[in-house]
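Asks: Protein chains in written order, with my numbering: chain A, 1 to 186; chain B, 1001 to 1186.
The beta carbon of each residue, even a glycine, is placed where N, CA and C say it ideally should be.
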DNA sequence: ATCTTTGTAGAGTGATTAGTCAATCTTTAT
DNA sequence: ATAAAGATTGACTAATCACTCTACAAAGAT
């Protein structure tokens, strides 16, 4: 077992349950089954651990999000693939997805450089811009469309989390809610 | 000046900036211009203060939200009034609105009883149900529509927060985004 | 085999924190 | 005017926390 990963796993679990400052590093170490000092061997401060955890989770989400989003597909198909991938990842990684939201409304979010944020959002903004240029998407402000899509996904995820549906029904909701979104922005 | 209100104001400001556990009660007292003990005179624990602040802000939002939402108006008009009121309140009370989101993705949210939550959401769910019954809204699951509307508002608010528009343009965005939402759910 | 680097441990530390308490001040009721 | 109740203070405390430090073990390189 990789102790560093154990630390990240433990931190995720505890942060989601007790919050960032509500989780002492000592408890993280204990939950991970490592000594106190080991945690600080990998992450020299608690803040560094939090940021590393965020980046790790974000990277895993991004990676999963783009699977099967082949460039030869139509824009709508690509959009839909990203949409479905995101919601299914969220459903399979509830703690991780919750952590991202928790992080975004925490003081730690301001520690992420604007370049880092841009690097993450740029591909999506580019896609949207392309959609507008090709007259597929409505000629609304880029950021507005972006926020609309993101919050729509977040809303559907909240619904799926609260209503415990079977895999079949969940897929149906994801598919139909995509159409709602697509109709709204095209 | 009411010291209790000063404490809530200071707590709001600091919680938004530094997070719940990142803000010591001593700093709240100092920011509020009161002694340490005074804070604990009004709120016997920090947790109690956090919950009181949430309930206070939520009550103010709810109160503002329903102004001019007269019952003789059509459902669409009522929906639109609530929509606009919420977004304008959010724009005029950025810290408060941010605090609500921060609270919802914090461990403290689980301390709000389900009755309290239901009391807050019931009126909205009832309105949606009425809309479905009257065949105005699409026959989608109640909770789905509810989450869709909420997250739509949250998305528009995020856009308005980042794009610093003039009052005029902001009103235009609010109005037009309502139409997008309304078309989606009807 | 020996040296170097890296990983791991856990007791220890100084600073910080939520909450207490006894003393004073202010307001209200009679 | 006086008593009772409530408000305010700030020093104090016991607990907790992030982080350090020294010692030791494991692994890799030469």
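Am I right that residue 953 of chain B and residue 1053 of chain B are in contact with their C-beta atoms under 8 Å? What's the rounded C-beta distance?
Replies: Past the boundaries of the shown model lies residue 953 of chain B; chain B is included only from 1001 to 1186, so the question cannot be answered.
Asks: So residue 1076 of chain B is in the alpha helix (DSSP H); what residue range does that whole segment cover?
Replies: The residue given as residue 1076 of chain B occupies position 76 in the second chain. Per DSSP, residue 1076 of chain B is one residue of the alpha helix (DSSP H) stretching across 1075–1092.
Asks: What do you reckon, is the C-beta of residue 173 of chain A under 7 Å from a heavy atom of the ligand GDP?
Replies: This structure lacks the ligand GDP, and indeed carries no ligand of any kind.
Asks: Just checking, does the segment 161–174 of chain A make contact with the segment 1002–1022 of chain B on the three C-beta pairs under 8 Å criterion?
Replies: no
Asks: What are the residues of the segment 170–183 of chain A that lie near chain B, defined by any Cβ-Cβ distance shorter than 9 Å?
Replies: 173, 176, 177, 180, 181 and 183
Asks: Have a look at residue 1087 of chain B and residue 1142 of chain B and give me their C-alpha separation to the nearest angstrom.
Replies: Against the second chain, residue 1087 of chain B aligns to sequence position 87. Against the second chain, residue 1142 of chain B aligns to sequence position 142. Answer to the nearest angstrom: the Cα atoms are 22 Å apart.
Asks: Rounded to whole angstroms, what's the CA-CA distance from residue 23 of chain A to residue 95 of chain A? Just pull it up for me.
Replies: As a first step, residue 23 of chain A is located in the first chain; it is residue number 23 there, counting from the start. As a first step, residue 95 of chain A is located in the first chain; it is residue number 95 there, counting from the start. The alpha-carbon atoms of residue 23 of chain A and residue 95 of chain A are separated by roughly 15 Å.
Asks: By the criterion of Cβ-Cβ separation under 8 Å, what are the contact partners of residue 1107 of chain B in chain A?
Replies: As a working mapping, residue 1107 of chain B is identified with position 107 in the second chain. By Cβ distance, chain A contributes 17, 18, 19 and 22.
Asks: Compute the distance between the beta-carbons of residue 1025 of chain B and residue 1046 of chain B, then report whether it is under 8 Å.
Replies: On the second chain, residue 1025 of chain B is found 25 positions in, with the first residue counted as 1. On the second chain, residue 1046 of chain B is found 46 positions in, with the first residue counted as 1. A contact, by the Cβ cut-off of 8 Å.
Asks: Does DSSP put residue 38 of chain A in a helix, a strand or coil?
Replies: For the purposes of this step, residue 38 of chain A is taken as the residue at position 38 of the first chain. Three-state result, residue 38 of chain A: helix.
Asks: Does the Cβ of residue 61 of chain A have 16 or more other Cβ atoms within 10 Å, making it buried, or fewer, making it exposed?
Replies: Residue 61 of chain A sits at position 61 when you count from the first residue of the first chain. Counting Cβ neighbours within 10 Å, residue 61 of chain A comes out buried, since at least 16 surround it.
Asks: Kindly indicate which three-state DSSP category residue 54 of chain A falls into: helix, strand or coil?
Replies: In the first chain, counting from the first residue as 1, residue 54 of chain A sits at position 54. Correct three-state label for residue 54 of chain A: helix.
Asks: If we ignore side chains and look at the alpha-carbon of each, how far apart do residue 1092 of chain B and residue 1137 of chain B end up?
Replies: Mapped onto the second chain, residue 1092 of chain B falls at position 92. Mapped onto the second chain, residue 1137 of chain B falls at position 137. Roughly 30 Å between the two C-alpha positions.
Asks: Mind checking if residue 1148 of chain B is an interface residue toward chain A, Cβ cutoff 8 Å exclusive?
Replies: In the second chain, the residue the question calls residue 1148 of chain B occupies position 148. Residue 1148 of chain B counts as touching chain A.
Asks: From what residue to what residue does the alpha helix (DSSP H) around residue 25 of chain A run?
Replies: The residue you call residue 25 of chain A lines up with position 25 of the first chain. Element bounds for residue 25 of chain A: 25–32.
Asks: Closer than 9 Å between beta carbons: that is the criterion. Which residues of the segment 1119–1143 of chain B meet it against chain A?
Replies: 1138, 1140, 1141 and 1143
Asks: Going along the chain, which residues of its own chain have a beta-carbon closer than 7 Å to the beta-carbon of residue 1186 of chain B, five neighbours each way excluded?
Replies: Position 186 of the second chain, counting from 1, holds the residue named residue 1186 of chain B. Contacts found: 1136, 1137 and 1138.
Asks: By how many angstroms is the C-alpha of residue 1163 of chain B removed from the C-alpha of residue 150 of chain A?
Replies: In the first chain, residue 150 of chain A corresponds to position 150, counting from 1. In the second chain, residue 1163 of chain B corresponds to position 163, counting from 1. Going from the Cα of residue 150 of chain A to the Cα of residue 1163 of chain B covers about 16 Å.
Asks: Below 8 Å between beta carbons is the criterion; list the residues of the segment 155–166 of chain A that meet it against any residue of chain B, in chain order.
Replies: 155, 156, 158, 159, 162 and 163
Asks: Mind the definition here: the segment 1094–1110 of chain B touches the segment 1012–1021 of chain B only if three or more C-beta pairs lie below 8 Å; say whether that holds.
Replies: yes
Asks: Helix or strand or just coil, what does DSSP make of residue 113 of chain A?
Replies: On the first chain, residue 113 of chain A is found 113 positions in, with the first residue counted as 1. Coil.
Asks: Would residue 147 of chain A pass as a contact of residue 1159 of chain B if the rule is Cβ separation under 8 Å?
Replies: Stepping through the first chain from its first residue, residue 147 of chain A is reached at position 147. Stepping through the second chain from its first residue, residue 1159 of chain B is reached at position 159. Against a cut-off of 8 Å, the Cβ pair of residue 1159 of chain B and residue 147 of chain A comes out as a contact.
Asks: Should the segment 66–81 of chain A be called in touch with the segment 122–130 of chain A, which here means at least 3 C-beta pairs below 8 Å?
Replies: yes
Asks: Quick check: residue 7 of chain A and residue 35 of chain A, are their CB atoms within less than 8 Å of each other?
Replies: Here residue 7 of chain A refers to the residue found at position 7 of the first chain. Here residue 35 of chain A refers to the residue found at position 35 of the first chain. It is not a contact, given that the beta carbons lie outside the stated cut-off.
Asks: In angstroms with no decimal places, state the Cα-to-Cα distance between residue 1039 of chain B and residue 1064 of chain B.
Replies: Sequence index remark: in the second chain, residue 1039 of chain B carries index 39 (1-based). Sequence index remark: in the second chain, residue 1064 of chain B carries index 64 (1-based). About 28 Å.
Asks: Please classify residue 1117 of chain B as buried or exposed, where buried requires at least 16 other C-beta atoms within 10 Å of its C-beta.
Replies: Taking the first residue of the second chain as position 1, residue 1117 of chain B is located at position 117. Classification for residue 1117 of chain B: exposed.
Asks: Where residue 1071 of chain B and residue 57 of chain A are concerned, what is the direct C-alpha to C-alpha distance, given to the nearest angstrom?
Replies: Against the second chain, residue 1071 of chain B aligns to sequence position 71. Against the first chain, residue 57 of chain A aligns to sequence position 57. Answer to the nearest angstrom: the Cα atoms are 47 Å apart.
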